[in-house]
Amino acid sequence: MEVELLVGFASTVAAVVTSVATLAYWLGREFARMEERINFVAKSIRGVAEAARNQIGFFAEFLGFKRVLEARDISFVKSELLRLSAKPLTNPLTEREAQWLRELIEREKLTLEEAEKLREIARKFVEEHGDTVPETWKLLIYASIMRGLALSELEEGKA
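Take the sequence shown: its letter number 28 is residue 28 in full-length UniProt numbering, and every next letter is one higher.
Take a look at the structure:
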């Protein structure tokens, strides 16, 4: 009787272990598929964000190049950026970087090299902090406008 009881118990344990192992394998596959889908969606969202960033930069640069924006428009953007750069809680820049940006923002004109450097920093800033610090987008727009203005100045100088 004891042997039959042990055999019955062992077969029940084996069936449970087999069921649990099968379930674990199936769940592992399902989680792997879900992770693939989530990664695909995340990659797609990053692509859309990159496209939006490029379009915003292009249109702002174009408006600057065509001189559609007036000095008061640019002054508004500058004052907004200066106001926001003073907020310590939303500023992931070092004090040195923030000071350098403030100096560039306070200028009336930028050289093409300065504008390109500012836009490069703004793009990196948006990429790293755009989802948590919305003000970074304003910096990218401003940098693109200033690059467009610098390009326009060069065009006028050639003519």
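We put the CB at the ideal spot given by N, CA and C, even for glycine.
A Cβ-Cβ contact shorter than 7 angstroms links Leu139 with Ala122. In this structure, DSSP gives Glu135 a helical state, which the three-state scheme calls helix. Annotated as proximal: Ser144 and Arg119, with beta-carbon spacing under 7 angstroms. Of the candidates Ser152, Glu95 and Glu80, the residue whose Cα lies closest to the Cα of Lys109 is Ser152. The C-alpha of Asp131 is placed about 23 angstroms away from the C-alpha of Ile105. Taking C-beta separations shorter than 8 angstroms and ignoring five residues to either side along the sequence, the partners of Leu154 in its chain run Leu112, following chain order.
Under a 10 Å Cβ-count criterion, Tyr25 is classified as exposed, with fewer than 16 other Cβ atoms of the shown protein chains found around its own Cβ. Setting aside the 5 residues that flank it on each side, Thr136 is surrounded in the same chain by Phe125, Val126, His129 and Gly130, each with a C-beta closer than 6 angstroms to its C-beta; the list follows chain order. A distance below 7 angstroms separates the beta carbons of Ala115 and Arg147.
When C-alpha distances from Tyr142 are compared across Gly47, Val133, Thr18 and Phe59, the shortest belongs to Phe59. Rounded to whole angstroms, the gap between the alpha carbons of Ala52 and Lys117 is 20 angstroms.
In the structure shown, Glu114 adopts helical secondary structure according to DSSP, grouped into three states. Collapsing the DSSP output to three states places Val68 in coil.
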